[in-house]
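In mature numbering (1 follows the signal peptide of the UniProt record, and there is no 0), the protein residues as written are -26 to -1, 1 to 442.
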């Protein structure tokens, strides 16, 4: 069929526009790079573009969630691995001048990939070279650059002292930049199956935030197989009570017998070790491994996942727990888990308005929901829908007004900003109050003063107040 003059004309206009925008984009990219070369010395060794053979190895090295490493995932126009503060300043200056967003990556553990993905053209600042750790024994403190991993922090503390330690993440490759700014926290392994799981988890809720300040016990729940007398495998729930006690076993046993006798802990369940040995153990390494393993920033197994979080202020009743078991049975064994991390202790002593992290007194424990998401076989939406249904089921049992969430378990389901940078406070408060409660309003005021143009933004960044 012969095309009309109007349709032909429209196609020509479209082609011209596409060509124009492609050329403009290429020009901006080249101008940005030229700007960076002019603004910073010795910059050639720290800039990686898609024309460089090292670009994808550098990009993928710290992508911890493979959900965001597919070919369709937006990629940065350039990766900058600064060696000093001036390189960071130059990158920010040039990015702002030529209209590129910025993403800053420390360890790359953001569950939604926001430290290395953007829907808008962006530049990635990877802090891998800014990771010095200086320990002050006299002041019992440390100066840590944002690119360090928590494993590097642990290692440097242990190198300087046999008695000092630091409570933080179990995964040693987590970057301190994101961990600390999000309100990071720290942790005998005993597993229980079948009929006593419900009783134990129900009882644990009543004592979790009342344990001795030196005792920490979290619960990890997932579906498992058990073998009956006929040799058949049955689906059941496995509860792992993962614990750390800052003291000897002779002091621990009386404490456990008094506060949580239902667990049935005995001396043989315990292993005494130094603090740094416990760090290596919880990181998943076998006994006897050298502490140098904590300096390895490589994650051995990377699984694509979707995560969500909750806070619990009143113990979930028995029938509520049984409903959780039913939903865990819906997923394949080994694919999904729930982790219950107790609060109390020092967390209760700090007022919720003293730092941006507000989840303090009144919380018994925090929940992490995680499901592995296979890519490329059409089942990704099935597993994501499953975790959303579980989250919906938990509504009556968790915090309300707001339904609180943990920033380091990033979840874009609870709300997101507009890409154009003009998100209203009302829209942003939908997710903002979940993460920060009433501290969100104070953060908005600070953001307006520090970054009035809202240049530093992402899908869940603090917005600015509108101009007066």
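All C-beta atoms, glycine included, are put in the ideal place defined by N, C-alpha and C.
What are the partner residues of residue i, as DSSP defines its beta bridges?
i: residue 316; result: 339
i: residue 353; result: Its beta-bridge partners do not exist; DSSP assigns none.
i: residue 195; result: 213, 312
i: residue 133; result: Its beta-bridge partners do not exist; DSSP assigns none.
i: residue 285; result: 340
i: residue 219; result: 189
i: residue 149; result: 123
i: residue 59; result: Bridge partners of residue 59: none, in fact.
i: residue 346; result: 279
Of the residues the options, which one's Cα is nearest the Cα of residue i?
i: residue 327; options: 398, 415, 355; result: 415
i: residue 80; options: 14, 148, 54; result: 148
i: residue 128; options: 390, 5, 109; result: 109
i: residue 142; options: 225, 151, 23, 400; result: 151
i: residue 410; options: 274, 395, 84, 332; result: 332
i: residue 214; options: 198, 229, 220; result: 198
i: residue 432; options: 271, 121, 395, 120; result: 395
i: residue 291; options: 262, 372, 4; result: 372
i: residue 244; options: 262, 250, 221, 260; result: 221
i: residue 391; options: 88, 420, 181, 268; result: 88
i: residue 249; options: 382, 179, 96, 133; result: 133
i: residue 253; options: 378, 24, 140; result: 140
i: residue 273; options: 196, 34, 284; result: 34
i: residue 323; options: 116, 336, 299; result: 336
i: residue 446; options: 106, 344, 136, 113; result: A query on residue 446 cannot be resolved here, the shown segment of the chain reaching from -26 to 442 and no further.
i: residue 298; options: 358, 130, 368; result: 368
i: residue 269; options: 293, 223, 366, 130; result: 130
i: residue 271; options: 440, 83, 311, 62; result: 83
i: residue 64; options: 71, 10, 356; result: 10
i: residue 189; options: 195, 223, 200; result: 223
i: residue 285; options: 23, 115, 177, 365; result: 365
i: residue 55; options: 397, 104, 442, 170; result: 104
i: residue 266; options: 32, 118, 126; result: 126
i: residue 442; options: 430, 426, 417; result: 426
i: residue 234; options: 260, 191, 259; result: 191
i: residue 23; options: 247, 31, 52; result: 52
i: residue 114; options: 92, 137, 45; result: 137
For residue i, which three-state DSSP category applies?
i: residue 108; result: strand
i: residue 123; result: strand
i: residue 19; result: coil
i: residue 383; result: coil
i: residue 259; result: coil
i: residue 442; result: coil
i: residue 79; result: strand
i: residue 400; result: helix
i: residue 422; result: helix
i: residue 54; result: strand
i: residue 99; result: strand
i: residue 64; result: helix
i: residue 161; result: In this predicted model, residue 161 has a pLDDT of only 47, less than 50, meaning its place in the structure is not dependable enough to derive any value.
i: residue -7; result: Because the pLDDT at residue -7 is just 48, under 50, the model does not fix this residue reliably, and the point stays unresolved.
i: residue 360; result: helix
i: residue 427; result: coil
i: residue 293; result: helix
i: residue 115; result: strand
i: residue 49; result: coil
i: residue 280; result: strand
i: residue 34; result: helix
i: residue 208; result: strand
i: residue 200; result: strand
i: residue 72; result: coil
i: residue 242; result: helix
Is residue j closer than 9 Å to residue i when the C-beta atoms are compared?
i: residue 41; j: residue 187; result: no
i: residue 393; j: residue 94; result: yes
i: residue 17; j: residue 74; result: no
i: residue 77; j: residue 90; result: yes
i: residue 289; j: residue 211; result: no
i: residue 276; j: residue 37; result: yes
i: residue 379; j: residue 388; result: yes
i: residue 413; j: residue 353; result: no
i: residue 227; j: residue 185; result: no
i: residue 237; j: residue 302; result: no
i: residue 5; j: residue 72; result: yes
i: residue 256; j: residue 216; result: yes
i: residue 28; j: residue 61; result: no
i: residue 209; j: residue 311; result: no
i: residue 360; j: residue 304; result: yes
Just checking my contact of residue i with residue j at CB under 8 Å: how many whole Å lie between their CB atoms?
i: residue 98; j: residue 120; result: With 8 Å as the limit, residue 98 and residue 120 do not qualify as a contact, their Cβ atoms being about 14 Å apart.
i: residue 342; j: residue 313; result: 4 Å
i: residue 182; j: residue 316; result: 4 Å
i: residue 280; j: residue 383; result: Rounded, the Cβ-Cβ distance is 11 Å, inconsistent with contact.
i: residue 347; j: residue 358; result: 6 Å
Is there a C-beta anywhere in chain B that falls below 9 Å from the one on residue i?
i: residue 419; result: Here there is only one protein chain, and chain B is not present.
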